[in-house]
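Everything below concerns the one structure shown next.
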Amino acid sequence: MNVLEYVSEPIIFTKEIDGKIIDLTVPEGFVKDLHFSTNEHFMLMLRVVGPDMNKVVDFFEDGEDEIYNIRTFDVVGNKEINDDFILTDIYMDEGPNLGVDIDIEPAMIRLILDFLKK
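Number 84 in this note's numbering belongs to position 83 of the sequence shown; there are no gaps in the numbering.
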């Protein structure tokens, strides 16, 4: 399948923690890649800049093997995505590093999330 998708709407992640439903909305501008390798598996790359990065870190940290409902719209496939997925792997890279430069870049986190359809 190997299709690179284009997301034109925010991605809404929902998960249950201690009986409470928690949502995280990621604006489409933070989505760098959404790649379906099969109908059951996809990889999502996010780059979140600014104060919202802590919300994203807290939401996904230690989230492997948890179930997430993911909702968005895939423009290339012209279809709505609204399914439950298991987060099988996560990579987080916080940056840029602190430095003494005058032009300090804003806080940023890069995430690569691998999901498998439940």
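Virtual Cβ for every residue (Gly too), placed ideally from N, Cα, C.
query, result
"Opening and closing residue of the alpha helix (DSSP H) in which ASN1 lies", "Shown here, the chain extends from 2 to 119; a query on residue 1 therefore has no answer."
"Rounded C-alpha distance that separates PRO52 from PHE14", "18 Å"
"Rounded C-alpha distance that separates MET109 from VAL58", "11 Å"
"For LYS21: DSSP bridge partner residues", "ILE18"
"For GLY96: DSSP bridge partner residues", "MET109"
"Nonlocal neighbours in the same chain, by C-beta distance under 6 Å from ARG111, ignoring five residues either side", "ARG48 and ASP94"
"Among SER9, PRO11, ILE12 and PHE116, the one whose alpha carbon lies nearest that of ASP66", "PHE116"
"Selected residue, minimal CA-CA separation from GLY96, among MET54, ASP75 and ASP84", "MET54"
"From LYS56, ASP85 and ILE113, residue whose alpha carbon lies closest to that of THR26", "LYS56"
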